[in-house]
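Okay, so here's the structure we're looking at.
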Amino acid sequence: MGDHHHGPAKGIGRWLFTTNHKDIGTMYLWFSFAMFIMGGFFAMVIRAELFQPGMQLVEPAFFNQMTTLHGLVMVFGAIMPSFVGLANWMIPMMIGAPDMALPRMNNWSFWILPPTFLLLASTLFMEGGAPAFGWTFYAPLSTTYAPPSVTFFIFSVHVLGLSSIMGSINIIATVMNMRAPGMTYMKMPLFVWTWLITAFLLVAVMPVLAGAVTMMLMDIHFGTSFFSAAGGGDPVLFQHVFWFFGHPEVYIIILPAFGVVSQIIPAFSRKPLFGYDSMVYATASIAFLSFIVWAHHMYTVGMPVAGELFFMYATMLIAVPTGVKVFNWISTMWRGSLSFETPMLFSLGFLVLFTIGGFTGLMLSIAPADFQYHDSYFVVAHFHYVMVAGAVFSMTAAVYYWLPKWCGKMYNEAMGKTHFWISFVGFNLAFFPQHFVGLAGMPRRIPDYALQFADFNMMSSIGAFIYGASQIMFLYNVIATIVSGKPTSEEKVWDGAEGLEWTIPTPAPYHTFETPPKIDSAHAHS
Amino acid sequence: MIQVNANPAIDTAIKLVVVAIAMFAFVFVVMVPLYDVLCDALGINGKTSGEAYTSVPVAVDESRTIKIQFVATNNEGMPWEFGPSVTAMKVHPGAVNDTVFYARNPLPEAMVAQAIPSVSPARAAAYFHKTECFCFNQQPLDGDSAAEMPLQFIVDQGLPRDIRTITLSYTIFDVTDMASGAVAVR
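Chain order of the listed sequences is A and B.
If you read the first sequence in the numbering used here, its first letter stands for residue 6, the second for the next number, and so on.
If you read the second sequence in the numbering used here, its first letter stands for residue 74, the second for the next number, and so on.
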């Protein structure tokens, strides 16, 4: 390494061997978008089959493979890597660091992902088909009754868990050691805070997921009986282990989204974030509570009443810090000088729809009522309101918000707003009716349904097609911006934006903050 | 042992790797045993004790009669004929009761089976003591042969008064493949 101020290397080698946080962030973002398209394609197959009652397009076995892979690819391939990519791009720039703390591990944690998902997708072409046991892979469906490809699935989960753990270790090491002088913890932008807490959650629970699939592997191939009653095990144990990972996992997905909207809403309200300190404490409280509520996913397994009550009240408690957050976002806008560019629209869409998803979550938390809702389309509607309108909307907002800083070009605002409105209408058309069919008794994960659900399902399918198609417009807008967008060189692309990332030139140079910036109070609190 | 690394980030990373490994170990050494201990202690899932109960001589409570129902189920693919000799009996708390289940292996080759008990209502599991049960061990049967398998039990006098019927269900599993190895069995 002779020249210290070198630019990117040439050719494919730049991407294969890069240790630059911006390059790695870019690759994460493109990879996760590719997975979003793939998972979206699986969703389109599901909705096409459910367009009308009766068996239309695919075999039930293939339908099950679609629901399984849709969930796995969206959770582990699209949402999680997209936020890791955003963290790679933004955290060093937000805390005044030159790069991530462990750049070579950063390269590795990205590059093991594409082969893993290739392996997972290849199970579709294997004998016996892809995993068909749902993204929650409950034993014994995923052990005794699993297709042979389950072993490849287990290996995929191991590797993507490894990738997530390495990515999280890198983020924690960066935030704890690389902050510019004067950037105290309570001056960090909220996106950095939410990611720091998320990374701790990941380090704590991804190994638990690895443990769960390792036990599956041993049950299938090495004659143990963790989940087999015949050998003294218990299938219910699987659900406890899975959801001990799975519930923190849903906060792993949503906390960075909270961070994103906490950056964007102040920028377009031209006011500092209301209640910064309470936002930090609320995030930490949610993270703590996420470890003691897992059994609310399994109210119907036959827990003692005391257990049901404990998990019910603990779950309801989460509404308190979450309510603090929603209150703070609304208060940030109160008497603000609001403008409604695309990132703000997606953030507001997030705010409204995530709150609806939060309320249905409260309904589901009520143990006696959950016996009716359990495994129905009401649950599907609930978690798509928090996963899609929560995580995906905020991720979309983040891309529109920071894209001009990344590439020095403005996206097409009219097309961005159109993308928002089509997404908003399509999303609600797809998922709002699912509340109704769920309450009326339509179970999830089935390829056929009773005739009385036909109209709502057709609406739902049309909405899903609209939402899916609107993502093509998003892709086009991003590519058109990179290729031929209107150049901008303003450091502060958005006049209300605050934070260190808006003090560097636009487009962001390949290397930033090689000498630490001076932190004054103006840069604090985003 | 204190080694100060040039890059403090490496120290942070090493600590976090230790946390991750500890969480992986946590699943196996804490969660799994704790689950079994809790289920045993609280009688959750209708799990009855896997070990023979050593009875303490107590007076038989003849003021109460509890109906015990027996249910037998074959796990998928298990070809044995398996069932209780009587489907129900009336017992007094504190009394020692005997019954037998019959099993017949219709296939020409020898097989090994394991019966897994479950008590309903789950609340009653902690009060249903088995002093002798074919479910404590794996049951081998030669090809085309039959056997009677004994069960001896006591209903605890502490059984809540609102429970008047207890259902004991056995599911029988084919464990021929597993039987060669040492498998934890209850």
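From the three backbone atoms N, C-alpha and C, an ideal C-beta is built for every residue, glycine too.
- Item | chain B within 8 Å of A/M183, Cβ atoms only | At least one chain B Cβ lies under 8 Å of A/M183.
- Rounded separation between A/F46 and B/F97 - CA only: Approximately 34 Å between the Cα atoms of the pair.
- Item | Span separating the alpha-carbon of A/F279 from that of A/N333 | Separation of A/F279 and A/N333 (C-alpha to C-alpha, rounded to the nearest whole angstrom) is 5 Å.
- Query: According to a CB-to-CB cut-off of less than 8 Å, which residues of the stretch 204 to 216 of chain A neighbour chain B?
  - Reply: Correct list: V208, A209, V210, M211, P212, V213, A215, G216.
- Message: If the cut-off is 8 Å on Cβ atoms, which residues from the stretch 239 to 252 of chain A count as contacting chain B, listed in chain order?
- Response: Those would be D239, V241, L242, H245, V246, F249, in chain order.
- If you measure beta-carbon to beta-carbon, which residues of the stretch 291 to 310 of chain A are closer than 9 Å to chain B? Cβ contacts with chain B come from V306, G307, M308, P309.
- Query: Relative to the alpha-carbon of A/L369, which residue among A/I170, A/H302, A/T148, A/S233 has its alpha-carbon at the smallest distance?
  - Reply: Answer by Cα proximity: A/H302.
- Item | Same chain, Cβ closer than 6 Å to B/E221, neighbours up to 5 away in sequence not counted | Same-chain partners within the cutoff: V173, Y175.
- Item | Straight-line gap, A/I84 to B/A188 (C-alpha atoms, nearest Å) | Each residue's alpha carbon lies about 45 Å from the other.
- Which residue's Cα is closest to the Cα of B/Q230: B/P81, B/V133, B/K88, B/D113? Among B/P81, B/V133, B/K88, B/D113, the Cα nearest to that of B/Q230 belongs to B/V133.
- Can a CB atom of chain A be found closer than 8 Å to the CB of B/P81? Judged by the 8 Å Cβ criterion, B/P81 is in contact with chain A.
- Residue interval of the beta strand (DSSP E) (run including B/Y243): For B/Y243, the enclosing beta strand (DSSP E) begins and ends at 238 to 247.
- Item | CB contact below 8 Å: B/M328 versus chain A | Here chain B has residues from 74 to 259 only, and residue 328 of chain B is not among them.
- Item | Cβ-based contacts, 9 Å cut-off: residues of the stretch 139 to 159 of chain B near chain A | Going along the stretch 139 to 159 of chain B in chain order, one finds N148, E149 with a Cβ nearer than 9 Å to chain A.
- Task: Consider the Cβ of B/M104: report whether some Cβ of chain A lies at a distance smaller than 8 Å.
- Result: Residue contact with chain A for B/M104: present (Cβ-Cβ distance below 8 Å to some residue of chain A).
- Message: With a threshold of 7 Å (Cβ to nearest heavy atom), would A/M317 be considered close to the ligand FAD?
- Response: With respect to the ligand FAD, the structure shown offers nothing to examine, as it has no ligands at all.
- Assign A/K523 to one of two classes, buried (16 or more other C-beta atoms within 10 Å of its C-beta) or exposed (fewer than that). Using a 10 angstroms sphere on the CB of A/K523, the tally of other CB atoms stays under 16, which defines it as exposed.
- Message: What does the alpha-carbon distance come out to for the pair A/F383 and A/T327?
- Response: The straight-line gap from Cα to Cα measures roughly 21 Å.
- Take every Cβ of the stretch 79 to 98 of chain B, pair it with every Cβ of the stretch 163 to 181 of chain A, and state whether three or more of those distances are shorter than 8 Å. Contact between the stretch 79 to 98 of chain B and the stretch 163 to 181 of chain A is present: three or more C-beta pairs spanning the two stretches fall below 8 Å.
- Roughly how many angstroms lie between the CA atoms of A/Y405 and A/G312, to the nearest whole one? Each residue's alpha carbon lies about 44 Å from the other.
- Short Cβ contact (8 Å threshold) for A/Y33 with A/F160: At least 8 Å separates the beta-carbon of A/Y33 from that of A/F160.
- Residues of the stretch 169 to 201 of chain A whose Cβ lies closer than 8 Å to any Cβ of chain B, in chain order: Across the stretch 169 to 201 of chain A, CB contacts with chain B closer than 8 Å involve I170, S173, I174, N175, I177, A178, T179, M181, N182, M183, in sequence order along the chain.
- Quick one: which chain A residues come within Cβ less than 9 Å of B/I236? Result: empty, since nearest Cβ-Cβ is about 15 Å, beyond 9 Å.
- Item | Continuous alpha helix (DSSP H) stretch holding B/D84: start and end | It spans 81 to 99 - the alpha helix (DSSP H) in which B/D84 sits, taken as one unbroken run.
- Query: Do B/D247 and B/M184 have their C-beta atoms closer together than 8 Å?
  - Reply: Cβ atoms of B/D247 and B/M184: closer than 8 Å.
- Query: Given that a residue counts as buried once 16 or more other Cβ atoms are within 10 Å of its Cβ, and exposed if not, what is A/F436?
  - Reply: Answer is buried; the Cβ neighbour count reaches 16.
- Item | A/T305 versus A/H252: straight-line alpha-carbon distance, rounded | Separation of A/T305 and A/H252 (C-alpha to C-alpha, rounded to the nearest whole angstrom) is 17 Å.
- Taking only the alpha-carbon atoms, compute the straight-line gap between A/F470 and B/F207 and give it to the nearest angstrom. Those two C-alpha atoms are separated by around 58 Å.
- Is B/Y175 helix, strand or coil by DSSP? Strand at B/Y175.
- Flag A/A234 as yes if its beta-carbon sits less than 8 Å from any beta-carbon of chain B, otherwise no. Cβ-Cβ to chain B under 8 Å: yes for A/A234.
- Item | Cross-chain neighbours of A/G101 in chain B, by beta carbon under 9 Å | Correct list: empty, because the minimum Cβ distance to chain B is about 15 Å.
- Does the Cβ-Cβ distance between B/T146 and B/T244 come in under 8 Å? In this structure, B/T146 sits near B/T244, with a CB-CB distance shorter than 8 Å.
- Task: Could you name the residues of chain A that B/L115 contacts, counting a contact when the two beta carbons are closer than 7 Å?
- Result: What B/L115 touches in chain A, judged by beta-carbon distance under 7 Å, is P309, going in chain order.
- B/L214 in three-state terms, based on DSSP: Correct three-state label for B/L214: strand.
- Query: Where A/H163 and A/T73 are concerned, what is the direct C-alpha to C-alpha distance, given to the nearest angstrom?
  - Reply: Near 17 Å, if we compare the C-alpha coordinates of A/T73 and A/H163.
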